[in-house]
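Chains as they are written, first to last, in our numbering: chain R, 1 to 240; chain A, 1 to 748. C-beta: ideal position from N, C-alpha, C; glycine also. Computed from a prediction, not measured in an experiment: that's the story for all the values here. For reference, the structure is listed below as structure tokens.
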């Protein structure tokens, strides 16, 4: 994590933006504010920032639209964190568009700062921190190979996680991972957090939270090699 | 002339017995007729008492003694009773006893004439009385001496010939009567003296000169020495029989004509079953010439080739066991056509009840049979319809007695017998809406129709032995009228509506449920926005409080900065309270609230409180000019708020995703007695089809999941409940949905 990350804070609630900005500055961040997506996009054309923290519902241009514009602008784009007081917007879509994390209002200021740090830290670092143990059933799967699994639509990989054909978890659940790719003689073994669950389509969006040391480097190389902006893909190919 | 008499009409002389008695009732003379009838010869009875000719019971009742006493007193006495023969057999006898007196009225004795009625009518004693109405009374009895001078003159003689005894006694009888006879009188007298009796017909004259024809019976009377001393003459008037016979001839002619020209088929059939005469009508009915059928038994015209009148029927008629016989049969005409004939047969007897011939009437009833058949067909068709209409059906007369019912009625109530109307609810198990209280019979549709209603219907809960699970029936009753419009009874049609009612209850429940769901759905749509409304201030409070906390922990922060932050917290908390107040305003059902006066600016204010932020975030410009604070409506405030939310929601949905300028305008105007609140938007507007259907429940133009299609229909229902309505219009290219409510006047 850079010592003084630059943050663009986007919220139409001026008082909230002001208070949050004050706090982040005191923690050593460089903070800019914008009142809506459109204003934020204008600022981004001029100034490069590390992180965009944006509200979702805003007049003129909302947070999701801003996110889409940012991730579409190519590699080197700032990481985006969405903050929402809303339940009824499409998180699955947002993860697909590349959002690092979606936080619910009211959010603890420290958590906001941690999320920003995590978004900026290298995967090797963030995936080596052992999370608290988790009781849920392991997502256990054995595929012939990564390419085979992707082409068959058994799994779709993103920057920070994957979409898999499974439907028995709820959003927010932590889940042990044990995915094996036989021909590759490798696997994704560790722990994840379910970001969205579609029981109807039997699809699950999982963010990787921790990886065993044996597989960590392989996974990081694999995901980086794919060169995609989706944090968690919206769908496996088969269901597209 | 005598050959003109049918032999059956003449009376055989043998059925007379004559004997004489002395004044004490002992037999003093005995004729051959008496001997033949009673079986005694003269020697056996002379000198014995005549009571021996009576039955035991008559003797013990002293009948014989009373008869002679009566004859002695009044001249003669008649008696019908039981005669007893020598062989002890009985016969029905008519006894006439006449007293014989000399010129000085000294009683000489009695003449007794006995007639055997059994011979005349062997069957029946009482019938015999009717057919022989005591003719003996009119028989004239006279006694002549050998010179034909009349020595005795009975009352019967006086009645027949009109002379009194005084006038007749001493006259030569045939001079007095100016008798005409087939044989000279002298010859008859001579014959009588030789052979003791003579029978024959004489033509006599009465005192008034009129002619009378008599059957005359002469018999000699002997004295003690056996010598002939007198002749007893018994005359019986047969003129009437003769006249009747003549008349019969004339009427027979007329009868024959009537027979020929009768419009129904007539035939005479001999007792042996042969057809002896057939009229033209019958012949044409059967398609034959009359000659072709006479002499046959008509077996060729009946369907099965049997005789028209079978043996049993013929016997029954002949034996008098049947007065007539009627039957309907299929007959075959000569040309092969068949026809239905109704035949009636009766027997004609002569005066003595001997069978003469059968009279047969045949009527062609083919048409009426066809009519009856078609009536029966119609009836069975009607029956089939009635059985298959699927409803229970009763036809009841004015007393409530069931005249007819179908199978379904039986399934519901069992076999309906006659039950007094007031007992019907109890016996049939008819209950009111609560399913516990018996129907009052006066509330029954049937009772109402029988008391003048032209239609009565109602729902009844039926619970009885045949319907143990119970059933709801809808009963429709209509009067059944006679052709003169008088009330004949009623037709009751009962339909099982159990499942219908169940469905209706479910539907009502569903409707209520749907309305609630729609309200919840409208709230659900708001929820996102509301969550945002609350989560934003909450985020401010959270962040602000975090700041204050850190300042307190670190110390050194200026008080003015802490005060500013605390001020933010208070202000933001109040903002939340306000939102919650508005939310509370619209989340209740409100349909059971009482009506109250409410200022319209407040209602709209609450709605905008919940919508304001949302509109802003969707970049929608809201144009709402200040509203006159004095305008009030009488309403359920919560419900009107709900309408406002609905109208705003619709406007919002119409323009939310539009490019360019998005405007919602709220206008409030009070014109005369109406308040009009209009929500305008610059969305695509209503198509004519959408406008037509807008108020229908579940109609929506929104994408799936966006709306229930109940907003406007429920809003309209609420408006109507408030005496108002929802109107859709277009104004300057903008869609305008208006809520109209009756305005509260100043006095209210």
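Tell me residue i's beta-bridge partners as DSSP assigns them.
i              : result
residue 216(A) : 200(A), 235(A)
residue 205(A) : 211(A)
residue 472(A) : 461(A)
residue 652(A) : According to DSSP, residue 652(A) bridges with nothing at all.
residue 30(R)  : 6(R)
residue 635(A) : 596(A)
residue 736(A) : 680(A), 729(A)
residue 662(A) : 620(A)
residue 16(A)  : 115(A)
residue 492(A) : 394(A), 477(A)
Which of the three DSSP states, helix, strand or coil, is assigned to residue i?
i              : result
residue 275(A) : strand
residue 22(R)  : helix
residue 260(A) : helix
residue 5(R)   : coil
residue 144(R) : coil
residue 215(R) : helix
residue 51(R)  : strand
residue 82(A)  : strand
residue 242(R) : Beyond the ends of chain R as shown, which are 1 and 240, falls residue 242(R); an answer cannot be given.
residue 129(A) : Only weak support is given to the placement of residue 129(A): the predicted model assigns it a pLDDT of 40, under 50, and the value that follows is read from those uncertain coordinates. Residue 129(A) falls in the helix class under three-state DSSP.
residue 686(A) : coil
residue 455(A) : coil
residue 303(A) : coil
residue 354(A) : coil
residue 93(A)  : strand
residue 101(R) : strand
Within 10 angstroms of its Cβ, does residue i collect 16 or more other Cβ (buried), or is it exposed?
i              : result
residue 62(R)  : buried
residue 20(R)  : buried
residue 217(R) : exposed
residue 733(A) : exposed
residue 6(A)   : At residue 6(A) the pLDDT is 29, less than 50, meaning the model places this residue with poor confidence and gives no usable figure here.
residue 198(A) : buried
residue 45(R)  : exposed
residue 56(R)  : buried
residue 164(R) : buried
residue 125(A) : Only weak support exists for where residue 125(A) lies, its pLDDT of 41 falling under 50; the value from the coordinates is given anyway. Label assigned to residue 125(A): exposed.
residue 456(A) : buried
residue 435(A) : exposed
residue 12(A)  : Here the model assigns residue 12(A) a pLDDT of 38, short of 50, so the residue's position is not dependable and the matter cannot be decided.
residue 629(A) : exposed
residue 594(A) : exposed
residue 12(R)  : buried
residue 115(R) : buried
residue 324(A) : exposed
residue 261(A) : exposed
residue 158(R) : buried
residue 603(A) : buried
residue 14(R)  : exposed
residue 625(A) : exposed
Closer than 7 Å: is that where the CB of residue i sits relative to any heavy atom of the ligand HEM?
i              : result
residue 186(A) : For the structure depicted, the ligand HEM is absent and the ligand set is empty, with no information on it obtainable.
query: Between the stretch 91 to 115 of chain R and chain A, which residues of the former have a C-beta closer than 9 Å to a C-beta of the latter?
result: 104, 105, 106, 107, 108, 109, 110
- prompt: Listed from N- to C-terminal order along the chain, which residues in the stretch 44 to 61 of chain R have their beta-carbon within a distance smaller than 7 Å of any beta-carbon of chain A?
  reply: 57, 58, 59, 60
query: In chain order, which alpha helix (DSSP H) runs of at least 4 residues are fully inside the stretch 139 to 198 of chain R?
result: 146 to 152
message: Please identify, using Cβ separations under 8 Å, the residues of the stretch 558 to 573 of chain A that lie next to chain R, in order along the chain.
response: 565, 568, 572
query: In the stretch 534 to 555 of chain A, which residues sit with their C-beta less than 9 Å from some C-beta in chain R, listed in chain order?
result: 534, 535, 536, 537, 538, 539, 540, 541, 542, 543, 544, 546, 547, 550
- request: Go through the stretch 134 to 159 of chain A residue by residue and report every complete run of the beta strand (DSSP E) that reaches 3 residues or more, in order.
  value: 140 to 145, 150 to 153
query: Which residues, in chain order, does the stretch 124 to 136 of chain R contribute to contact with chain A at a C-beta distance below 7 Å?
result: none
- request: Write down every uninterrupted run of the alpha helix (DSSP H) in the stretch 383 to 413 of chain A whose length is 4 residues or greater and which is fully enclosed by it, in chain order.
  value: 407 to 413
message: Can you pull out the residues from the stretch 652 to 672 of chain A whose beta carbon lies closer than 9 Å to at least one beta carbon of chain R?
response: none
field: Under 7 Å (Cβ pairs) to chain R, residues found in the stretch 484 to 513 of chain A
entry: none
- request: Quick one: which residues of the stretch 371 to 402 of chain A get their C-beta closer than 8 Å to a C-beta of chain R? List them in chain order.
  value: none
- request: Determine which residues of the stretch 190 to 210 of chain R have a Cβ less than 7 Å from any Cβ of chain A, and write them out in chain order.
  value: none
field: Residues of the stretch 618 to 635 of chain A whose Cβ lies closer than 8 Å to any Cβ of chain R, in chain order
entry: 618, 619
task: Give the residues from the stretch 450 to 470 of chain A that approach chain R closer than 8 Å (Cβ to any Cβ), ordered along the chain.
output: none
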